[in-house]
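To start, the structure under review is shown below, and the notes come after it.
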Amino acid sequence: YQKSLSLSVGTKTGYKLFSVTSVDKLDCIYESETPDVYIVERLFSSSLVVVVSLSIPRRMNVYHFKKGTEICNYSYSNNILSVRLNRQRLVVCLEESVYIHNIKDMKLLKTLLNTPSNPSGLCALSINHSNSYLAYPGSSTIGEIIVYDANNLSTVTMIPAHDSPLAALTFNSSGTKLASASERGTVIRVFSIPEGQRLFEFRRGMKRYVNISSLSFSPDAQFLCASSNTETESPPTWQAVSGVMSQERAFATVRLLVAGQRNVCTLATIQKLPRLLVASSDGQLFIYNVDPQDGGECVLAQKHRLFGEDEDKEEGVESEGSEVTVPIQACPSYAATVAIPTTGPVTTTLTGYSEDGGAKKGEVIPEHEFAAGPVCLDDENEFPPVSNQQLS
Numbered sequence: 001y002q003k004s005l006s007l008s009v010g011t012k013t014g015y016k017l018f019s020v021t022s023v024d025k026l027d028c029i030y031e032s033e034t035p036d037v038y039i040v041e042r043l044f045s046s047s048l049v050v051v052v053s054l055s056i057p058r059r060m061n062v063y064h065f066k067k068g069t070e071i072c073n074y075s076y077s078n079n080i081l082s083v084r085l086n087r088q089r090l091v092v093c094l095e096e097s098v099y100i101h102n103i104k105d106m107k108l109l110k111t112l113l114n115t116p117s118n119p120s121g122l123c124a125l126s127i128n129h130s131n132s133y134l135a136y137p138g139s140s141t142i143g144e145i146i147v148y149d150a151n152n153l154s155t156v157t158m159i160p161a162h163d164s165p166l167a168a169l170t171f172n173s174s175g176t177k178l179a180s181a182s183e184r185g186t187v188i189r190v191f192s193i194p195e196g197q198r199l200f201e202f203r204r205g206m207k208r209y210v211n212i213s214s215l216s217f218s219p220d221a222q223f224l225c226a227s228s229n230t231e232t233e234s235p236p237t238w239q240a241v242s243g244v245m246s247q248e249r250a251f252a253t254v255r256l257l258v259a260g261q262r263n264v265c266t267l268a269t270i271q272k273l274p275r276l277l278v279a280s281s282d283g284q285l286f287i288y289n290v291d292p293q294d295g296g297e298c299v300l301a302q303k304h305r306l307f308g309e310d311e312d313k314e315e316g317v318e319s320e321g322s323e324v325t326v327p328i329q330a331c332p333s334y335a336a337t338v339a340i341p342t343t344g345p346v347t348t349t350l351t352g353y354s355e356d357g358g359a360k361k362g363e364v365i366p367e368h369e370f371a372a373g374p375v376c377l378d379d380e381n382e383f384p385p386v387s388n389q390q391l392s
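Numbering (UniProt numbering), first residue to last: 1 to 392.
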């Protein structure tokens, strides 16, 4: 099983890949100078990474970063809003369509056309490739969720989850639970999958609306964290997901050092203890200790700077943990990776749509060495099995 947590960060000047090996140690394992990266997704702890840049927002590039090669790139009919992947499927979400690829050869298997307007590209894909459930909004006006089987390419169910539009979705690691929040941010609900039955409901302690920016289950699905970025009174929280957790308050809470920054949260076990990780848009990673028995206010264990300079002292921020910011070592760059063959990387430019916006059933994609050459998805040494969600 994966021993560390994978973290990918895209910025105006490039993207970085990190490995969280301990609370105090954050290894930068790769850095690219590709400009204006707004999507970067890594396949667990493997060498496969998917990148989308604002310079060409309709094109997805798939790289083998350890070899320093581009495997292929794929173009779409409109701007790419999000990408999700597991060991079976790669899903690309546009505002009004969803594309499902077979990740082993990148063949386009299915195009879901005329989906409800989804300007944020909200979707979730279960990391358990044996089911590969995909969840996306079924309405732009109310909180309906469509659950789609990306392996069998069929709709599973529609869940009437909320009265207002959806803001966040996430599966647990086994793909048996789905958590959702609406734009109001007052209620978080958990549903069974594939049945779509409501299992739990959690209400925030405050009645005012907030923007839930992310949801994430712990690896064992016993806890669920939710983060918001509107104000300090609405801190990232985590809440237990079990039969006894019917109370309407957070089990444990965190108040970020800086309010107003977009952030994402995840729960992970690091050095055998439960941790809450929060990455913020200003380039910081906060790692908190969590008491699984009593909950309460989480204690900041470490703060890492992912990019940019540490401005805490300049801004006059005086709080616990502000003095423990750990600088990140220099990342291996493209030039420091394995030398590219003299013949150059094998790159295939692919078109993911026909003139009418429909799928071409993968016939446009020739067989190439994506499956058997530079990326061997069946090689357990290069692509070890994992149990934790990636944070990206």
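Quick reminder that beta carbons are idealized off the backbone N, C-alpha and C, glycines included.
For serine 126 versus tyrosine 133, is the C-beta distance shorter than 8 Å? Against a cut-off of 8 Å, the Cβ pair of tyrosine 133 and serine 126 comes out as a contact.
Assigned exposure category for proline 119 - 16 Cβ within 10 Å defines buried: Proline 119 counts as exposed, since fewer than 16 other C-beta atoms from the protein chains shown sit within 10 angstroms of its C-beta.
Is arginine 275 helix, strand or coil by DSSP? Under the three-state reduction of DSSP, arginine 275 is assigned to strand.
If you follow the beta strand (DSSP E) that glutamate 144 is in, where does it begin and where does it stop? DSSP places glutamate 144 inside the beta strand (DSSP E), whose first and last residues are 143 to 149.
For glutamate 70, the three-state DSSP class (helix, strand or coil): In the three-state scheme derived from DSSP, where H, G and I count as helix and E and B as strand, glutamate 70 is classed as strand.
Quick one: grab the DSSP three-state call for leucine 306. Look at leucine 306 here: in three-state DSSP terms it is coil, with no helix or strand label.
Thinking C-beta only, is serine 173 closer than 8 Å to histidine 162? When the beta-carbon positions are compared, histidine 162 and serine 173 stay at least 8 Å from each other.
Coarse secondary structure for glutamine 197, derived from DSSP in three states: Here glutamine 197 sits in coil by DSSP.
Just list the residues that DSSP pairs methionine 60 with in beta bridges. In the DSSP assignment, methionine 60 is bridged to Tyr74.
Between the CA atoms of leucine 267 and glycine 196 - distance to the nearest angstrom: Distance between glycine 196 and leucine 267, taken at the CA atoms: about 24 Å.
Using 10 angstroms around the beta-carbon of proline 219, count the other beta-carbons present and answer buried if the total reaches 16, otherwise exposed. If you draw a 10 Å sphere on the C-beta of proline 219, you find 16 or more other C-beta atoms in it, and that means buried.
What do you reckon, are the CB atoms on alanine 226 and cysteine 298 nearer than 8 Å? No; because the gap between Cβ atoms is not below 8 Å, this pair is not in contact.
Could you say which of Asn131, Thr34 and Gln271 lies nearest to serine 154 if we only look at CA atoms? The shortest C-alpha separation from serine 154 is found at Asn131.
Verify whether the separation of the beta carbon atoms of leucine 54 and aspartate 36 is less than 8 Å. In contact: leucine 54 and aspartate 36 (Cβ atoms closer than 8 Å).
In terms of alpha-carbon separation, which member of Val98, Gly175, Tyr15 and Lys107 lies closest to valine 49? Selected option, being the one with the closest Cα: Tyr15.
Taking only the alpha-carbon atoms, compute the straight-line gap between leucine 157 and leucine 90 and give it to the nearest angstrom. Looking at the sequence itself, residue 157 is threonine, so the reference to leucine does not match. Their backbone Cα atoms lie some 21 Å apart in a straight line.
Starting from the Cα of lysine 104, find the closest Cα among Leu43, Gln284 and Leu285 and give me that residue. Comparing Cα positions, the closest option is Leu43.
In whole angstroms, give me the CA-to-CA distance for glutamine 222 and leucine 276. Their Cα atoms are separated by approximately 13 Å.
Can you grab the Cα-Cα spacing for the pair cysteine 93 / asparagine 114, in whole Å? Taking the straight line joining both Cα atoms gives about 12 Å.
Would you list the one or two residues that DSSP bridges to serine 154? Serine 154 pairs with Asp149.
Among the candidates Asp149, Val290, Arg203 and Phe307, whose CA atom is the shortest distance from the CA of leucine 109? When each option's Cα is compared against that of leucine 109, the closest is Asp149.
At what residues does the beta strand (DSSP E) containing serine 32 begin and finish? First-last of the beta strand (DSSP E) with serine 32: 26 to 32.
For asparagine 86 and isoleucine 71, the rounded distance between their alpha carbons: Rounded to the nearest angstrom, the two C-alpha atoms are 17 Å apart.
What three-state label does DSSP hand valine 37 in the structure shown? The answer is strand: DSSP assigns valine 37 an E or B state.
Neighbourhood of alanine 167 by C-beta, 7 Å cutoff - its chain only, sequence neighbours within 5 removed: Result list for alanine 167: Ala181, Ser182, Glu183, Gly185, Asn211 and Ile212, in chain order.
Strictly by DSSP, which residues pair up with glycine 260? Residue pairing by DSSP leaves glycine 260 without any beta bridge partner.
Can you tell me whether glutamine 271 is buried or exposed? The criterion is at least 16 other CB atoms within 10 Å of its CB, across all chains shown. With fewer than 16 other Cβ atoms within 10 Å, it is exposed.
Residues sharing a beta bridge with valine 190, DSSP: Residue pairing for valine 190: DSSP places it in a beta bridge opposite Ala179 and Phe200.
Excluding five sequence neighbours on each side, which residues of the same chain lie with their C-beta closer than 6 Å to the C-beta of valine 40? Contacts found: Ser8, Gly10, Tyr15 and Val51.
Could you check whether serine 19 and serine 6 sit closer than 8 Å to each other, using their CB atoms as the reference points? With a cutoff of 8 Å on beta-carbon distance, serine 6 and serine 19 are scored as near each other.
Beta carbon of asparagine 263 nearer than 8 Å to that of alanine 279: Going by C-beta atoms, asparagine 263 is nearer than 8 Å to alanine 279.
Rounded to whole angstroms, what is the Cα-Cα separation between methionine 106 and asparagine 61? Computed Cα separation, rounded: 12 Å.
Using C-beta distances below 8 Å, list every residue in its chain close to asparagine 78, excluding the 5 sequence neighbours before and after it, in chain order. Within the same chain, Cβ atoms closer than 8 Å to the Cβ of asparagine 78 are found at Arg58, Leu94, Glu95, Glu96 and Ser97, the five residues on either side in sequence being excluded.
Separation of leucine 306 from proline 165, as counted between CA atoms: Distance between the alpha carbons of proline 165 and leucine 306 is about 32 Å.
Nearest-angstrom Cα distance between lysine 177 and lysine 66? If you draw a straight line from the Cα of lysine 177 to the Cα of lysine 66, it comes to about 34 Å.
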